[in-house]
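See structure below.
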Amino acid sequence: MILQWQIIFCLIFTVAYITADSDINPTCLLNYLHENQIIIGGFRGFKARKTQFNEPDATCNERIESFNNNMYDELLRLLRNEHETAEIADCIIDQLKVLKYGDLQLQKLFYEGSKTISKRKRKNKLKSIEFSIDKQLEISLKICSPEDIFGEFFDELYNSANQTSDEDSAESDYCLKKHLSDTNFYNKTAYVIDMNPKNIDISQINCDDEYKIALDAFEEAFEEELQMEMRKSPKNTKTCVTNAIRSTKSLEHNLFAAILGEIGVTADERAKERAKYVTAMDQMYSKLMKCNY
Numbered sequence: 000m001i002l003q004w005q006i007i008f009c010l011i012f013t014v015a016y017i018t019a020d021s022d023i024n025p026t027c028l029l030n031y032l033h034e035n036q037i038i039i040g041g042f043r044g045f046k047a048r049k050t051q052f053n054e055p056d057a058t059c060n061e062r063i064e065s066f067n068n069n070m071y072d073e074l075l076r077l078l079r080n081e082h083e084t085a086e087i088a089d090c091i092i093d094q095l096k097v098l099k100y101g102d103l104q105l106q107k108l109f110y111e112g113s114k115t116i117s118k119r120k121r122k123n124k125l126k127s128i129e130f131s132i133d134k135q136l137e138i139s140l141k142i143c144s145p146e147d148i149f150g151e152f153f154d155e156l157y158n159s160a161n162q163t164s165d166e167d168s169a170e171s172d173y174c175l176k177k178h179l180s181d182t183n184f185y186n187k188t189a190y191v192i193d194m195n196p197k198n199i200d201i202s203q204i205n206c207d208d209e210y211k212i213a214l215d216a217f218e219e220a221f222e223e224e225l226q227m228e229m230r231k232s233p234k235n236t237k238t239c240v241t242n243a244i245r246s247t248k249s250l251e252h253n254l255f256a257a258i259l260g261e262i263g264v265t266a267d268e269r270a271k272e273r274a275k276y277v278t279a280m281d282q283m284y285s286k287l288m289k290c291n292y
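Each step along the sequence shown adds one to the number in numbering that gives the first Met the number 0, with nothing skipped, and position 168 is 167.
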């Protein structure tokens, strides 16, 4: 996505700029990360310099706050100067603050500077942090620019129709279409769907199992996304994700988008269903955000 890569560039540039100008010393940084339980354990700071937790530093919180404020202000300026509207740019910054993006950057600063942690551990930690940073950006974009992001998702699903599939896939396709029909998800008068285009034997198929497999896989993908920075227990997160997905019928909207491409619809029908899809996914992500933060 062009939009996403533009913002990634802004993030990288901004953090590099602010970090280079930062006056956060190792003691301050380590104390902040430890006191806020962002990292746990006994570490030594930058360049093997020993630090004591809770070492007096009256200006430490001010330095951390200044680092975050400067980073967000510079990022907002860059976003507004690039291709984002003020509304979207403000939304992205607000969302990154909710996700505690600044804490991730402070973790990254710590692990990049520490010389006493093994190279392997430092590399793994940085890789994990960078993955979380990418996920935070992805979530922020989905929430702040749903028409662009989810609209593109719909188009990809619509255009993926009619791809070749084996018999197992055909069985799953039949069951998922049947589910949409049985639950009256779509207007059966407006859309005529061939439930079994490959004319497979359906007499022994357990469609309840096929639907459950698809639903579980869909939910697990979002659970994994939210667990990047766990702030609630896995059990509570799982329940919340399940409710968010099922209450908005997000799986059904994704299935139907691909089916529409298979049967072919008018431009007006496609635009109408695309708008429904964007709304459903936007609502789902709004609910998902409450699952972990």
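Glycine included, C-beta positions come from ideal geometry on N, C-alpha and C.
Pairwise C-alpha distance: T182 and Y100: If you number the sequence shown from 1, residue 100 lands on position 101. If you number the sequence shown from 1, residue 182 lands on position 183. Y100 and T182: Cα-Cα distance of roughly 41 Å.
Endpoints, the alpha helix (DSSP H) within which M70 is located: Locating residue 70 in the sequence shown gives position 71, where the first residue counts as 1. M70: member of the alpha helix (DSSP H) spanning C59 to N80, first to last residue.
I91 burial status per 10 Å Cβ neighbour count (16 or more: buried): Here residue 91 is taken as the residue at index 92 of the sequence shown, counted from 1. Its Cβ being crowded by 16 or more others within 10 Å, I91 is buried.
With 16 other Cβ atoms within 10 Å as the buried cut-off, status of M280: Taking the first residue of the sequence shown as 1, we reach residue 280 at position 281. So M280 counts as buried.
Other residues of its chain near L103: CB distance less than 8 Å, five sequence neighbours each side excluded: Indexing the sequence shown from 1 puts residue 103 at position 104. I128, S131, I132, Q135 and E228, listed in sequence order.
Top-ranked residue by Cα proximity to K275, from E61, K107, G112 and F149: Position 276 of the sequence shown, counted from the start, is the residue given in the question as residue 275. Comparing Cα-Cα distances from K275 to each of E61, K107, G112 and F149, the minimum goes to F149.
Enclosing alpha helix (DSSP H) for L103 [first to last residue]: Within the sequence shown, numbered from 1, the residue matching residue 103 stands at position 104. Run containing L103: Y100 to G112, per the alpha helix (DSSP H) assignment.
CB of I212 within 8 Å of CB of E170, strictly: To locate residue 212, count along the sequence shown from 1; it is residue 213. To locate residue 170, count along the sequence shown from 1; it is residue 171. The Cβ-Cβ distance between I212 and E170 does not fall below 8 Å.
Touching by the beta-carbon criterion (3+ pairs, under 8 Å), the segment 256-273 and the segment 217-225: No contact exists between the segment 256-273 and the segment 217-225.
Opening and closing residue of the alpha helix (DSSP H) in which G260 lies: Along the sequence shown, one-based indexing puts residue 260 at 261. Where G260 is concerned, the enclosing alpha helix (DSSP H) stretches over S249 to I262.
Cα-Cα separation, Y157 to S117: Your numbering for residue 157 matches position 158 in the sequence shown. Your numbering for residue 117 matches position 118 in the sequence shown. Each residue's Cα considered, the two are about 48 Å apart.
Close beta carbons around K46, own chain, < 6 Å, minus the five adjacent residues each side: Mapped onto the sequence shown, residue 46 falls at position 47. Per-residue confidence for K46 stands at a pLDDT of 43, beneath the threshold of 50, marking its modelled position as unreliable; the derived number appears in the next sentence. Excluding its 5 nearest sequence neighbours in each direction, K46 has C-beta neighbours in its own chain below 6 Å: K114, listed in chain order.
Alpha carbon of A85 to alpha carbon of R79, nearest angstrom: Along the sequence shown, read from residue 1 onward, the residue named residue 85 stands at position 86. Along the sequence shown, read from residue 1 onward, the residue named residue 79 stands at position 80. Spanning the two alpha carbons is a distance of roughly 6 Å.
Member of I204, Y284, I37 and G260 whose CA lies at the smallest distance from the CA of S159: By one-based count along the sequence shown, residue 159 stands at place 160. Of the candidates I204, Y284, I37 and G260, G260 places its Cα closest to the Cα of S159.
Residue span of the alpha helix (DSSP H) that contains V191, given as start and end: For the purposes of this step, residue 191 is taken as residue 192 along the sequence shown, with counting starting at 1. Per DSSP, V191 belongs to no alpha helix (DSSP H) and is neither H nor E.
Closest residue to F109 among P145, N253, D208 and Y31 (Cα-Cα distance): What you label residue 109 is simply residue 110 of the sequence shown in a count that begins at 1. Checking every option, the nearest Cα to that of F109 belongs to Y31.
Whole-angstrom C-beta distance between L175 and E146, which should lie under 8 Å: By one-based count along the sequence shown, residue 146 stands at place 147. By one-based count along the sequence shown, residue 175 stands at place 176. Taking the Cβ atoms as the reference, E146 lies roughly 26 Å from L175, outside the contact range of under 8 Å.
Distance between L75 and A88 (C-alpha atoms, nearest Å): Counting from 1 along the sequence shown, the entry for residue 88 is found at position 89. Counting from 1 along the sequence shown, the entry for residue 75 is found at position 76. Computed Cα separation, rounded: 6 Å.
Local conformation of K187 per DSSP, three classes: Working through the sequence shown from its first residue, we reach residue 187 at position 188. In the three-state reduction of the DSSP assignment, K187 falls in the coil class.
Straight-line Cα distance separating F153 from A216: Locating residue 216 in the sequence shown gives position 217, counting from the first residue. Locating residue 153 in the sequence shown gives position 154, counting from the first residue. Taking the straight line joining both Cα atoms gives about 19 Å.
Unbroken stretches of the alpha helix (DSSP H), 4 residues or longer, contained in the segment 129-174: Segments of the alpha helix (DSSP H) lying fully in the segment 129-174: 145-158.
Candidates M70, A266, P196 and I192, of which the one nearest L95 by Cα: Position 96 of the sequence shown, counted from the first residue, corresponds to residue 95. For L95, the nearest C-alpha among the options comes from M70.
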